[in-house]
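Comments concern the structure below.
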Amino acid sequence: MSKNLKVVLLGYMTSGKSTIGKVLGEQLKIAFVDLDDKIADAEGMPVSEIFSRKGELFFRKKETEILSRQLNEESSFILSLGGGTPCYGKNLEIIHAKTENTFYLKLNISSLLERLTNEKSKRPLVANIADDDLPEFIGKHLFERNQFYASAKRIIECDGKSVQWIVDEIANKL
Ligand code: S3P
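Its first residue numbered 2, the sequence shown is counted upward by one per residue in this note's numbering.
Next comes the structure, spelled out in structure tokens:
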């Protein structure tokens, strides 16, 4: 394993980036960093409150700032991004310039829909969307974002797979 191993997990909201990142970090004995948590810590409030009080643009600026700082660290870590992180500004370039270990945790729309319906309130982008409108929203959103996610070096098909299976799949490819 290389000295400064930087692993970046990409994927749509609720694709499991944080869950997988945490277990992978424990397994590889390296730090796990959740980008949303870092942003929330820096601002002293949860992400949903940053959106409502300061707006999405402010959030996106902070996201880029904290992403760059993290990727410039001379250390090993697993970094789980926010669902939108690779899709804005130069974030994708910044990521690919710093590591080859990028993994897209891919799930089909029906799995995402089920998870997101249960976890809407924590996610400002979908919190106000009616359940009936969610399938169309996710379909369009994923269509727009897929090109960014698909730039990951590896795509992990996560449907029907256990957390441990996904973690091992990533670990075996490092
Ligand atoms: C976002 C996803 C969220 C969080 C913010 C915006 C997005 O992270 O960064 O609410 O644009 O998809 P999760 O993917 O962890 O939900």
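Ideal Cβ placement from N, Cα and C applies to all residues, glycine included. Nothing here was measured: the structure is a model prediction, and the numbers come from that model.
Sorted by chain position, which residues of the same chain lie with C-beta nearer than 8 Å to arginine 54's C-beta, five sequence neighbours on each side aside? Met46
Margin query: My parser needs the alpha helix (DSSP H) runs of 4 or more residues fully inside the stretch 110-143; what are they?
Written below: 110-119
Item to complete: Rounded to whole angstroms, what's the CA-CA distance from isoleucine 67 to isoleucine 51? Just pull it up for me.
Response: 15 Å
message = Tell me whether the stretch 120-136 and the stretch 10-17 touch, counting them as touching only if at least three CB pairs, one residue from each stretch, are closer than 8 Å.
response = yes
* How about valine 127: is its Cβ closer than 6 Å to a heavy atom in ligand 1? -> no
Could you tell me which residues DSSP puts in a beta bridge with glutamate 158? Lys107
Beta strand (DSSP E) segment containing serine 76, residue limits: Here serine 76 belongs to no beta strand (DSSP E), and DSSP marks it neither H nor E.
Within 8 Å, do at least three Cβ pairs link the stretch 26-45 to the stretch 92-99? no
message: Closer than 6 Å to a non-hydrogen atom of ligand 1 - does that hold for the CB of aspartate 42?
response: no
Heavy atom of ligand 1 within 6 Å of aspartate 38 beta-carbon: no
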